[in-house]
Amino acid sequence: MPNSTAEASNPKAINKDEIARLENEVERKHELVTKLTHALEVQNDKVKLQKKILKDREGMVTQLISEKDELAKAVAERDRKILSLQNDLYVYGTSKKTVKRKSAEETLSEVSPEDTASPSKGEGKQNKRGRSPSHDSISVEEAAKKLARAHPKSPADPETVAKILGTPSKDEAAKKRFTNKSPAAKKSKADKLVSNVELAPHIQRKSQVLEIPAEPADDLPEGWLQKKIPRTTGKGHDNYFFSPNLNIRLSSKKKAKKFISMLSETDGDEAAAWSLVKDEGAKGKSKHNKGRKSKRKLQEMEEHDDGDKPAIEEEVTMLSPKTRRAKANKKKLA
Numbered sequence: 001m002p003n004s005t006a007e008a009s010n011p012k013a014i015n016k017d018e019i020a021r022l023e024n025e026v027e028r029k030h031e032l033v034t035k036l037t038h039a040l041e042v043q044n045d046k047v048k049l050q051k052k053i054l055k056d057r058e059g060m061v062t063q064l065i066s067e068k069d070e071l072a073k074a075v076a077e078r079d080r081k082i083l084s085l086q087n088d089l090y091v092y093g094t095s096k097k098t099v100k101r102k103s104a105e106e107t108l109s110e111v112s113p114e115d116t117a118s119p120s121k122g123e124g125k126q127n128k129r130g131r132s133p134s135h136d137s138i139s140v141e142e143a144a145k146k147l148a149r150a151h152p153k154s155p156a157d158p159e160t161v162a163k164i165l166g167t168p169s170k171d172e173a174a175k176k177r178f179t180n181k182s183p184a185a186k187k188s189k190a191d192k193l194v195s196n197v198e199l200a201p202h203i204q205r206k207s208q209v210l211e212i213p214a215e216p217a218d219d220l221p222e223g224w225l226q227k228k229i230p231r232t233t234g235k236g237h238d239n240y241f242f243s244p245n246l247n248i249r250l251s252s253k254k255k256a257k258k259f260i261s262m263l264s265e266t267d268g269d270e271a272a273a274w275s276l277v278k279d280e281g282a283k284g285k286s287k288h289n290k291g292r293k294s295k296r297k298l299q300e301m302e303e304h305d306d307g308d309k310p311a312i313e314e315e316v317t318m319l320s321p322k323t324r325r326a327k328a329n330k331k332k333l334a
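All residue numbers for the sequence shown refer to the UniProt record's numbering, where the first residue is 1 and numbers rise by one.
If you want it as structure tokens, here you go:
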């Protein structure tokens, strides 16, 4: 008790716990200062690195500017050389032309006009054939006068004269005026068949058929899809079923189930199953046609049952269906 009272009475007495707390606080602040110092050093290093990079880039920019100036000088020098070459070529060409013209004038001055005169068409033919034709060059008016003098009793045809003179007569001018060389284009069938009936919204564009959403098919295995495509007329729709892997389209659920049964035979290979379905469909059609033919033959044999069935069958096979029907009708009437 006396110690506690003494410490309480002494204002300079320091608590040990308070000292420990202050020491911890000092250590914590010291650690924080060291961390901040380290971060500051890192930032200084980064700044130095950025300054170095910036300096290098400035050097590159100055180098590029100097190269650009050198290239501009080289381009200017090249343009100057091109201009000088063009001038030299122009001077050379003009001098060559003047030399040619002077030489031609000298040769013409040396040759006499009689030598330079070219022989006419008639003279050339006279040299070749030994006669001089009367094909002298005359004007169009003289040709028209000659044509008129050739038939003095009958006046010259104005159309012929117009053809020679190159001016059309009144009749020809009228014909040309009313002749329609480029008639108006006729309306095509496509324009005539254009209807005002608006198409259904799902067939206004072909691509919209593909935009119909697919739904999971009922009563079929997982992965099969079904599309309800509306018809072009009416409010009905057609159901199409699509296989999971190859997206093979089937037009009915019956065909889809048949295709699924074929998949069990081909170990899930849709391509092989589809080929089997097509082959079976082709065989079914041929069997159906054969059955119809055999039924028709049996009916005709029953109608002509005279005790000689093989002969009738042979006759039936040789004749066409139309002839067989005609013969059967004749026998019925008899």
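Note that beta-carbon positions come from the ideal geometry of N, C-alpha and C, so glycine has one too.
Between the CA atoms of residue j and residue i - distance to the nearest angstrom
{"i": "I229", "j": "F259", "result": "21 Å"}
{"i": "K96", "j": "L85", "result": "16 Å"}
{"i": "E106", "j": "E159", "result": "53 Å"}
{"i": "A256", "j": "I212", "result": "20 Å"}
{"i": "Q226", "j": "L246", "result": "14 Å"}
{"i": "K29", "j": "E23", "result": "10 Å"}
{"i": "K46", "j": "V61", "result": "22 Å"}
{"i": "A74", "j": "I82", "result": "12 Å"}
{"i": "L32", "j": "V42", "result": "15 Å"}
{"i": "Q63", "j": "E70", "result": "11 Å"}
{"i": "A72", "j": "R80", "result": "12 Å"}
{"i": "A76", "j": "K68", "result": "12 Å"}
{"i": "E25", "j": "N44", "result": "28 Å"}
{"i": "L54", "j": "K35", "result": "28 Å"}
{"i": "Q126", "j": "R101", "result": "A caution first: Q126 carries a pLDDT of 48, below 50, which makes its placement in the model unreliable, though a value can still be read off. The straight-line gap from Cα to Cα measures roughly 35 Å."}
{"i": "I248", "j": "W224", "result": "10 Å"}
{"i": "L319", "j": "K330", "result": "15 Å"}
{"i": "D279", "j": "L333", "result": "46 Å"}
{"i": "E222", "j": "T233", "result": "32 Å"}
{"i": "K206", "j": "T266", "result": "No answer about K206 holds up, because its pLDDT of 46 lies below 50 and its placement is not dependable."}
{"i": "K145", "j": "T98", "result": "49 Å"}
{"i": "D56", "j": "K48", "result": "12 Å"}
{"i": "S261", "j": "G281", "result": "15 Å"}
{"i": "K37", "j": "K51", "result": "For clarity, residue 37 is Thr in the given sequence; the question names Lys instead. Cα to Cα, the separation comes out at about 21 Å."}
Contact test: residue i Cβ vs the ligand FMN heavy atom, cutoff 7 Å
{"i": "T62", "result": "No copy of the ligand FMN appears in this structure; indeed no ligand is present at all."}
For residue i, three-class secondary structure by DSSP
{"i": "I229", "result": "strand"}
{"i": "L246", "result": "coil"}
{"i": "S222", "result": "For clarity, residue 222 is Glu in the given sequence; the question names Ser instead. E222 falls in the coil class under three-state DSSP."}
{"i": "N239", "result": "strand"}
{"i": "P213", "result": "coil"}
{"i": "N44", "result": "helix"}
{"i": "S251", "result": "coil"}
{"i": "T266", "result": "coil"}
{"i": "G234", "result": "coil"}
{"i": "L71", "result": "helix"}
{"i": "S103", "result": "helix"}
{"i": "N24", "result": "helix"}
{"i": "N329", "result": "helix"}
{"i": "L36", "result": "helix"}
{"i": "S66", "result": "helix"}
{"i": "N87", "result": "helix"}
{"i": "S320", "result": "coil"}
{"i": "K81", "result": "helix"}
Same chain, Cβ closer than 7 Å to residue i, neighbours up to 5 away in sequence not counted
{"i": "R231", "result": "H237 and D238"}
Neighbourhood of residue i by C-beta distance below 8 Å, restricted to the same chain and skipping five residues each side
{"i": "R296", "result": "P321"}
{"i": "residue 336", "result": "Because the chain here runs from 1 to 334, residue 336 falls outside it and cannot be looked at."}
{"i": "E18", "result": "none"}
Own chain partners of residue i with C-beta closer than 6 Å, once the 5 adjacent residues on each side are dropped
{"i": "G93", "result": "none"}
{"i": "S243", "result": "E270"}
{"i": "E215", "result": "Q226"}
{"i": "K128", "result": "With a pLDDT of only 47 at K128, under the threshold of 50, the placement of this residue in the model should not be trusted; the figure read from the coordinates follows. Hits under 6 Å: none found."}
Status (buried if at least 16 other CB within 10 Å, exposed otherwise) for residue i
{"i": "S103", "result": "exposed"}
{"i": "L250", "result": "buried"}
{"i": "R324", "result": "buried"}
{"i": "A39", "result": "exposed"}
{"i": "E300", "result": "buried"}
{"i": "A20", "result": "exposed"}
{"i": "residue 374", "result": "This structure leaves residue 374 out entirely; the chain is present only between 1 and 334."}
8 Å Cβ cutoff, residue i in contact with chain D
{"i": "I212", "result": "The chain inventory of the structure shown lacks chain D, comprising one protein chain alone."}
Under 8 Å between C-beta atoms of residue i and residue j
{"i": "D219", "j": "K253", "result": "yes"}
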